[in-house]
Amino acid sequence: EIKVVVVFDAALSGQSTHTETYKGVDVVYSADLSADCWIEKEVEALVADGCPKVWVVTSDVLEQQLSHGEGALIWSSKRLVKEIKESELELDEELKEIRSTSLQGKIFQHKLKPKVVQGLKNLRNQLEEQERKKK
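Take a look at the structure:
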């Protein structure tokens with residue numbers, strides 16, 4: 001199971017520490033501790049509980065070092081954005097490929113000889129031409 005948690009420093013907000021969930025992402029507003037302290041304690045607890053992979057995404061170098069020291073894997077915010085954009089491009093390419101070749105098209109492509117495919121295309125063109133003449 002993958003869990004995504006975003007942490008905001010809410011010390012000056014006047015609210016107590018609380019968590020809200022949006023589309024499966026937990027958003028923590030940390031008022032009792034700084035966001036950095038909250039992250040450090042959470043990483044320590046997750047690693048102690050045996051969580052196999054804990055990722056921390058931050059561009060704060062000190063926080064990267066502290067979290068890595070606790071056993072977390074580190075990404076900068078810039079790298080996360082890059083990975084998201086690359087994943088979106090890969091997904092778009094896969095969707096284009098799926099849309100451009102239907103299952104039927106693949107079956108015909110592999111089972112019919114080129115002459116037969118060309119003959120079917122010619123027949124389609126003739127029928128389309130006849131339909132245009134009728135109108």
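Position 95, counted from 1, in the sequence shown is what the UniProt record's numbering calls 95; the numbers after and before it change by one each time, with no gaps. Cβ atoms here follow ideal geometry from the backbone N, Cα and C, with glycine treated the same way. Remember, predicted model here, so these are calculated numbers, not experimental data.
For residue i, which of the options has the nearest alpha-carbon?
i: Pro52; options: Val43, Asp60 and Tyr22; result: Val43
i: Arg79; options: Asp92, Trp55, Tyr22 and Gly14; result: Trp55
i: Lys23; options: Val4, Lys133 and Arg99; result: Val4
i: residue 178; options: Ser13, Val61, Ala72 and Asp92; result: Given that the chain is displayed from residue 1 to residue 135, the structure contains no residue 178 and the question cannot be resolved.
i: Ser34; options: Val25, Asp26 and Leu12; result: Leu12
What do you get for residue i, buried or exposed, if any count of 16 or more other CB atoms within 10 angstroms of its CB means buried?
i: Val7; result: buried
i: Ser67; result: buried
i: Val61; result: exposed
Please say whether residue j and residue i have beta carbons closer to each other than 8 Å?
i: Ala45; j: Ser30; result: no
i: Ser87; j: Ser76; result: no
i: Thr17; j: Asp32; result: yes
i: Val47; j: Glu63; result: no
i: Val28; j: Thr19; result: yes
For residue i and residue j, what's the separation of their Cα atoms in angstroms?
i: Gln130; j: Lys121; result: 14 Å
i: Glu94; j: Lys82; result: 18 Å
i: Lys96; j: Ile84; result: 18 Å
Grab the span of the alpha helix (DSSP H) containing residue i for me, first residue to last.
i: Val61; result: Val61 to Gly69
i: Glu129; result: Pro114 to Lys134
Which two residues bound the contiguous beta strand (DSSP E) that contains residue i?
i: Ile39; result: Counting along the chain, Ile39 falls outside any beta strand (DSSP E), though it belongs to the alpha helix (DSSP H) covering Ala35 to Ala48.
i: Glu30; result: It should be noted that the sequence gives Ser, not Glu, for residue 30. Residues Val25 to Ser30.
i: Ile74; result: Leu73 to Trp75
i: Glu20; result: His18 to Tyr22
i: Val57; result: Trp55 to Val57
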